[in-house]
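Visitor: The sequence shown begins at 0 in numbering that gives the first Met the number 0 and counts up by one.
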Amino acid sequence: MKKFERIIEYLFYLFIFLLPWQTRLIWQDAYLNGFVWEYGRFSLYGTQLLLWLILFCYLVWLFTSRHLEKLNFQQVLRRLKNLSVFTYWLIIVFILVSGLSLFWSLNTDLAYYRWFILVQAITMMAMVLMFDFKLEKIAVAWVAAAAIQGVFGIWQFFAQFVPANKWFGLALHLPTVPGSIILQTNVERWLRAYGALPHPNILGGFLVIAVMFLLYLSFIAQRRSQRIFVLVSLLSIIPALFFTFSRSAWIAIIVSLIVLGFWLFKRREHLWNQTFLKMFLLTCLMVIILGFNLRGPLLTRLTGDQDLEVASIYLRMAFTEQAFKLIQDNPWGGVGIGNYTLGVYQKINGSWPGYYYQPVHNIYLLVLAETGILGAIIFYSIIFLLIWSRLLKFFYKKVVGIPTKSGFLLRNKADGATSTSHLQGMIVFLCLVSILIISLFDHYFWSLEFGVLIFWLILGLNLKRLR
0 MKKFERIIEY LFYLFIFLLP WQTRLIWQDA YLNGFVWEYG RFSLYGTQLL
50 LWLILFCYLV WLFTSRHLEK LNFQQVLRRL KNLSVFTYWL IIVFILVSGL
100 SLFWSLNTDL AYYRWFILVQ AITMMAMVLM FDFKLEKIAV AWVAAAAIQG
150 VFGIWQFFAQ FVPANKWFGL ALHLPTVPGS IILQTNVERW LRAYGALPHP
200 NILGGFLVIA VMFLLYLSFI AQRRSQRIFV LVSLLSIIPA LFFTFSRSAW
250 IAIIVSLIVL GFWLFKRREH LWNQTFLKMF LLTCLMVIIL GFNLRGPLLT
300 RLTGDQDLEV ASIYLRMAFT EQAFKLIQDN PWGGVGIGNY TLGVYQKING
350 SWPGYYYQPV HNIYLLVLAE TGILGAIIFY SIIFLLIWSR LLKFFYKKVV
400 GIPTKSGFLL RNKADGATST SHLQGMIVFL CLVSILIISL FDHYFWSLEF
450 GVLIFWLILG LNLKRLR
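(1) So, for asparagine 32: in the same chain, excluding its five sequence neighbours on each side, which residues have a beta-carbon less than 8 Å away from its beta-carbon?
(2) Under the three-state reduction of DSSP, which class applies to serine 83: helix, strand or coil?
(3) Name, in chain order, the residues that DSSP records as bridge partners for leucine 182.
(4) Pull up the CB-CB distance for tryptophan 141 and proline 296, whole angstroms please, since I reckon it's below 8 Å.
(5) Please state whether DSSP places isoleucine 25 in a helix, a strand or coil.
(6) Between the C-alpha atoms of asparagine 81 and leucine 89, what's the straight-line distance to the nearest angstrom?
(7) Taking the straight line between their C-alpha atoms, what separation do you get for valine 309 and leucine 298?
(8) How is asparagine 200 classed by DSSP in three states: helix, strand or coil?
(9) So, at 6 Å on beta carbons, what are the nonlocal neighbours of isoleucine 426 in its own chain, with the 5 sequence-adjacent residues on each side left out?
(10) Who are the Cβ neighbours of tyrosine 443 in its own chain at under 6 Å, not counting the five residues just before and after it?
(11) Once you ignore the five residues that flank phenylalanine 14 on each side, which residues in its own chain have a CB closer than 7 Å to its CB?
(12) Around the Cβ of isoleucine 510, are there at least 16 other Cβ atoms within 10 angstroms (buried) or fewer (exposed)?
(13) Confirm, please, whether the CB-CB distance from asparagine 338 to alanine 29 is below 8 Å.
(14) Serine 104 to leucine 117, Cα distance in whole Å?
(15) Indicate whether the contact test is met: 3 or more Cβ pairs, each with one atom in the region 324 to 333 and one in the region 20 to 28, closer than 8 Å.
(16) Alpha carbon to alpha carbon, what distance is there between isoleucine 153 and alanine 143?
(17) Name the two residues that bound the continuous alpha helix (DSSP H) containing tyrosine 339.
(18) Cβ of proline 432 within 8 Å of Cβ of serine 255?
(19) When you measure from the CB of glycine 149 to every non-hydrogen atom of the ligand NAP, does any distance come out below 7 Å?
(20) Pull up the distance between the alpha-carbon of lysine 463 and that of leucine 307, whole angstroms please.
(21) Determine the DSSP secondary structure at phenylalanine 428, reduced to helix, strand or coil.
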């Protein structure tokens with residue numbers, strides 16, 4: 000059984016490592032007004048097959064190793080007093096409420112497909128809660144994947160070219176090809192870095208989480224090879240994050256670094272503070288050098304005063320207006336999970352080319368529009384309870400019962416293991432904070448399988464810290 004557990008464990012680390020590669024079979028294509036409609040496509044991803052294998056092995060392990068408990072109703076009620084258990088069951092209710100939207104969705108097949116992706120991701124989250132995955136190894140797999148994506152993204156930016164390759168899930172992108180995500184200054188067009196992902200903003204979000212995990216690895220690195228891995232990864236991830244020109248990712252990383260710096264300062268862990276300062280200064284140095292040499296594109300992105308930037312802002316405003324219109328017309332049940340863009344097409348504007356139909360760039364509005372008021376309230380409650388309980392965990396050793404003060408603002412000298420545990424908790428918490436910040440400005444953590452998997456994986460890692 001131990002060997003079987005190790006197979007599951009390392010298959011999961013492999014899954015994380017391969018997650019950015021979007022190799023897929025589009026088994027049902029979709030078009031609106033003669034143009035490809037991405038959010039109506041049915042796809043089977045290579046990483047999805049690997050995840051199914053892992054989940055199957057996990058279920059076999061779960062039933063053969065007798066990890067399931069038989070509980071009566073009173074025992075279930077008593078356990079609900081624990082915030083982590085209550086939040087977990089709230090997630091189960093959210094699955095059921097989201098599934099109810101199948102009955103009134105505009106396209107039942109599309110709703111079934113999107114609901115399956117949600118169930119798949121939450122099943123993975125349940126596995127993360129139950130199985131003894133090591134955060135250090137998850138971090139290594141994530142950072143290694145991000146470093147490769149970083150090198151690829153840096154090459155793309157300097158080559159101004161993304162090659163097409165169906166086996167790696169890559170589409171052709173050039174500054175002159177319509178549909179490519181570019182920056183346009185007064186005199187130049189710059190292709191932003193994609194990595195192996197379908198949009199630079201998505202690469203940016205993936206790299207932000209990688210930076211958090213990279214900082215964790217830098218704090219616990221002891222051997223020379225580990226420190227070299229951290230340094231090399233930083234030198235590829237930070238420039239690639241810059242070359243995505245993703246403002247939401249930049250905001251998320253700035254907020255997360257400020258919070259982490261404050262937390263480390265209050266803990267007065269000398270070695271951690273020293274490591275953080277070195278990493279922070281090296282990051283700032285790279286950003287300053289890149290910003291000085293690419294001040295034209297950088298200023299364009301920050302000021303948003305060029306035609307393409309202005310058009311992008313107006314388009315996002317239009318998406319937001321569409322979201323409020325759909326919410327107003329379908330307040331209780333929503334238009335159905337995965338049916339947002341179809342709702343815009345059928346109810347608001349049916350004349351756009353297919354590629355123009357995008358979800359609103361805010362998942363909190365998107366969840367409300369697709370699942371209705373009840374689904375949104377449950378979703379918001381899950382996030383609120385998790386954030387509140389995680390913050391409480393930093394102030395107190397116990398979330399339930401009589402609290403005793405601990406090391407968020409007071410130094411805890413109990414032992415190194417306790418300090419490392421607090422560090423792990425803060426890192427995964429900042430990963431979640433980064434996702435929630437990005438979700439104010441983008442939709443892929445709800446609308447794309449890659450984003451859905453990341454969202455529930457990070458949420459599961461945070462929920463596990465409360466157990």
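Built from N, CA and C at the ideal position, the CB exists for glycine as well.
The model shown is predicted, which means the values in this text are computed figures rather than measured ones.
Guide: Answer, in terms of the structure:
(1) Gly349, Ser350, Trp351, Pro352, Gly353
(2) helix
(3) Trp189
(4) Not a contact, Cβ separation roughly 28 Å.
(5) strand
(6) 12 Å
(7) 14 Å
(8) Secondary structure at asparagine 200: helix, using DSSP grouped into helix, strand and coil.
(9) Met211, Tyr215
(10) Ile201, Gly450
(11) For phenylalanine 14, where only same-chain residues beyond five positions count, the Cβ hits under 7 Å are Thr46, Leu49, Leu50, Ile53.
(12) In the structure as shown, the chain starts at 0 and stops at 466, and residue 510 therefore has no counterpart that could be examined.
(13) no
(14) 16 Å
(15) Contact fails: fewer than three Cβ-Cβ distances are below 8 Å.
(16) Rounded to whole angstroms, alanine 143 to isoleucine 153 spans 15 Å at the Cα level.
(17) 339 to 346
(18) The identity of residue 432 in the sequence shown is valine, whereas the question assumes proline. In this structure, serine 255 lies closer than 8 Å to valine 432 by Cβ.
(19) The ligand NAP is absent from the structure shown, which contains no ligand whatsoever.
(20) Each residue's Cα considered, the two are about 43 Å apart.
(21) helix
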